[in-house]
Amino acid sequence: MEVRSVYKYARISPKKARDVAREIQGLPVSDAIDTLNFTPKKAAFLIGKTLKSAVANAENNHDLAADSLHVKEANISDGPSFNRYKPRARGSASAIRKRTSHIYIILTDEMKVEEKPARDRKPKSKKKPAPKAKEPEIEETEEEVPATQETDDPTNVESAPVAEETSDEPEAEAVDEVSDIAEEVSDESAEGQKAAEEEKKED
869 MEVRSVYKYA RISPKKARDV AREIQGLPVS DAIDTLNFTP KKAAFLIGKT
919 LKSAVANAEN NHDLAADSLH VKEANISDGP SFNRYKPRAR GSASAIRKRT
969 SHIYIILTDE MKVEEKPARD RKPKSKKKPA PKAKEPEIEE TEEEVPATQE
1019 TDDPTNVESA PVAEETSDEP EAEAVDEVSD IAEEVSDESA EGQKAAEEEK
1069 KED
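Heads up: the sequence shown begins at 869 in the working numbering, then just goes up one per residue.
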């Protein structure tokens, strides 16, 4: 048996109320009440009032025990919104929407678990990989390198570079010229000294 309770025109945004309603979906009544009591939100207080009203309806109108009840559905729908305005700069105004919500709680004493029909899964046939094409084998051929023949022919021997012979004749001639010039200078100096001595004697 199902028991319903409705809270209309609740002054709360539907988005905020839906976040709390999802938490109690499918829970036993006792667990749902404990969850709402320890949720510090305005939506938890409003949904808790609706849930307690549904439990009271089940106990008083249908003679159902609270321990056997579960939350089948907890839906939140949009209610009318009130338009308000807030003054802004330069004489303008921005709109404010005061939203309302309708809270629907449905309790049931029969909790049915919907079992989805099992799908007929056929074993997937394993595809065998296609055989790879054989690569043509490349025959490795060793090329014979002709060996160089060593011969005793003296003409094949590389001639070593011959150092150029330099003569010392120009250097000897230069030394002789220097010695001749030195002798001439010494003779001239000796003659000059003799001439000076003779002039002194005459004086």
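Backbone N, C-alpha and C define an ideal beta-carbon position, used for all residues, glycine too.
In this text, all values refer to a predicted model and were calculated from it rather than measured experimentally.
The beta carbon of D977 sits closer than 7 Å to those of M869, L932, S936 and L937, all from its chain and outside the five residues before and after it, given in chain order. When C-beta atoms of the region 895–909 are compared with those of the region 937–949, three or more pairs fall below 8 Å, so the two segments count as touching. Excluding its 5 nearest sequence neighbours in each direction, S949 has C-beta neighbours in its own chain below 8 Å: R965, K966, R967 and T968, listed in chain order. If the five residues before and after A911 are omitted, its C-beta is found closer than 6 Å to the C-beta atoms of I880, K884, A885 and V888, all from its own chain and listed in chain order.
For K909, there is no enclosing beta strand (DSSP E), as DSSP marks it with neither H nor E.
Around the Cβ of A961, a 10 Å sphere holds fewer than 16 other Cβ atoms; the residue is exposed. Fully enclosed beta strand (DSSP E) runs of no fewer than 3 residues occupy 938–946, 950–955, 961–966 and 969–976 of the region 899–982, in order along the chain.
By the neighbour-count criterion, in which a residue is buried when 16 or more other Cβ atoms sit within 10 angstroms of its Cβ, V923 is buried. In the three-state DSSP reduction, A998 falls in the coil class, being neither helix nor strand. The Cβ atoms of A926 and I973 do not sit closer than 7 Å to each other. Proximity to L975 across D946, E1067, A878 and Q893 peaks at Q893, based on C-alpha coordinates. Under DSSP, V871 takes part in a beta bridge, and its partners are L975. Residue burial is scored here from C-beta neighbours: A963 has fewer than 16 other C-beta atoms within 10 angstroms and is therefore classed as exposed.
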